[in-house]
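Report on one structure; see the data block that follows.
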Amino acid sequence: DEKKGFSKKDMAANFAAIAADFAAVPVTYTPKVKVGVVGEIYVKFSSLGNNHLEQFLLSEGVEPVVPGLTDFMIFKIYNRVSDVDLYGGKWIKKAACKAFMSYIEGCQKDMIQALERSGRFRAPGTFDDLHKLIHGYLGDGNKMGEGWLLTAEMLELIHTGTGNIVCTQPFGCLPNHIVGKGMIRKLKDDYPTSNIVAIDYDPSATKINQENRIKLMLANAKGLSHQESAAPRAAAQEGSRTLTHAGAHA
């Protein structure tokens, strides 16, 4: 029963119905290497802007993981609130933005709850969860372009088990180069197994060069995956040899 209104109750019902419809689609689960996609908002989501990146990743046998759009919407509203906190301004502007932000956050929580109840999908964290992740990396004043949100999305992917990441960037976008490519070394220092590549998307950049750089990242990702899967087997074999050796001397 589709609801058409924008009330919290109607939207919660729609989220549950959408999740149920997708959960009913039969699938064959095949474990695959997961690759996150972050970056400038247009290049991240538009296949025209990123040379059909998601389709390319699927053709390489990996699973794309793309953070949603809701956090970006809340981020843009939150920036107006933080502007008043950082630089001063009218309290009425801050109050209005906080009220609008609260409404979108409520919708996001209902969406997350619907995904969790489905028992089928990985639910993302809330905007507040993302904001906590960025503490110690970037401040609220770093908000040009995707600002601190881009780095926070990379942190969320790493924390949820997707350490292989393609950071999509429009050529010459200085804010995105700072919070994207500029943060990769810091993230590698803090999370040594993270595997991040920044790709510039520009008419002058050849598609084959972009794909070759991604393929190199994917080779590293698959190598790390084999090492992780081999480690438990090696530990089990070592334990078995130890028990056999102990039994022979008993």
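In short: position in the sequence shown from 1, add 499, done, that's this note's numbering. Ideal placement from N, C-alpha and C gives every residue a C-beta, glycine not left out.
1. When DSSP labels each residue in this structure, what does A733 get in the three-state scheme?
2. At a cut of 8 Å, does the region 632 to 647 reach the region 522 to 532 through at least three beta carbon pairs?
3. May I ask which residues mark the beginning and end of the beta strand (DSSP E) holding Y700?
4. Between which residues of its own chain and S703 is the CB-CB distance below 8 Å, once the five residues before and five after are set aside?
5. Fully enclosed by the region 616 to 669, which alpha helix (DSSP H) runs are 4 residues long or longer?
6. Can you list, in chain order, the residues of its chain with a C-beta nearer than 7 Å to that of K597? Leave out the 5 residues immediately preceding and following it.
7. Output the distance between the C-alpha atoms of A613 and C606, rounded to the nearest integer angstrom.
8. Let's test the definition: count the other Cβ atoms within 10 Å of the Cβ of K642 and tell me whether it reaches 16, buried, or not, exposed.
9. Got a sec? Which residues, its chain only, sit under 7 Å from G567 by beta carbon, not counting five neighbours each side?
10. Measuring CB to CB, does V696 end up less than 9 Å from G644?
11. Could you tell me whether the Cβ atoms of N675 and G538 are closer together than 9 Å?
12. Looking at M600: is its Cβ nearer than 9 Å to the Cβ of L637?
13. Taking 9 Å as the CB-CB cut-off, is P691 touching chain C?
14. For the region 530 to 580, which segments carrying the beta strand (DSSP E) assignment without a break, of at least 3 residues, lie completely within its bounds, in sequence order?
15. In this structure, does DSSP put C596 in helix, strand or coil?
16. Which first and last residues belong to the alpha helix (DSSP H) in which V526 is found?
17. Do V536 and K543 come within 9 Å of each other at the CB atom, strictly closer than that value?
On the basis of the data shown:
1. Working through the sequence shown from its first residue, we reach residue 733 at position 234. In this predicted model, A733 has a pLDDT of only 47, less than 50, meaning its place in the structure is not dependable; the value taken from the coordinates is given anyway. The answer is helix: DSSP assigns A733 an H, G or I state.
2. no
3. If you number the sequence shown from 1, residue 700 lands on position 201. Taken as a continuous stretch (DSSP letters only), the beta strand (DSSP E) holding Y700 covers 694 to 700.
4. Residue numbering aside, residue 703 sits at position 204 when the sequence shown is read from its first letter. For S703, where only same-chain residues beyond five positions count, the Cβ hits under 8 Å are F670.
5. 626 to 632, 646 to 658
6. Walking along the sequence shown from the start, residue 597 turns up at place 98. Result list for K597: V580, in chain order.
7. Residue numbering aside, residue 613 sits at position 114 when the sequence shown is read from its first letter. Residue numbering aside, residue 606 sits at position 107 when the sequence shown is read from its first letter. Going from the Cα of A613 to the Cα of C606 covers about 11 Å.
8. What you label residue 642 is simply residue 143 of the sequence shown in a count that begins at 1. So K642 ends up on the buried side.
9. The residue labelled residue 567 in the question sits at position 68 within the sequence shown. So the qualifying residues of the chain are P623.
10. Translated into positions along the sequence shown, residue 696 becomes position 197. Translated into positions along the sequence shown, residue 644 becomes position 145. For V696 and G644, no; Cβs fall outside 9 Å.
11. Along the sequence shown, one-based indexing puts residue 675 at 176. Along the sequence shown, one-based indexing puts residue 538 at 39. A contact, by the Cβ cut-off of 9 Å.
12. Working through the sequence shown from its first residue, we reach residue 600 at position 101. Working through the sequence shown from its first residue, we reach residue 637 at position 138. Going by C-beta atoms, M600 is not nearer than 9 Å to L637.
13. This model lacks chain C altogether; it includes just one protein chain.
14. Counting only runs of 3+ residues, the beta strand (DSSP E) found wholly inside the region 530 to 580 occupies 533 to 538, 562 to 564, in chain order.
15. What you label residue 596 is simply residue 97 of the sequence shown in a count that begins at 1. Reduced to three states, the DSSP call for C596 is helix.
16. As a working mapping, residue 526 is identified with position 27 in the sequence shown. Where V526 is concerned, there is no enclosing alpha helix (DSSP H), given that its DSSP letter is neither H nor E.
17. Translated into the one-based positions of the sequence shown, residue 543 becomes position 44. Translated into the one-based positions of the sequence shown, residue 536 becomes position 37. The answer is yes: Cβ separation under 9 Å.
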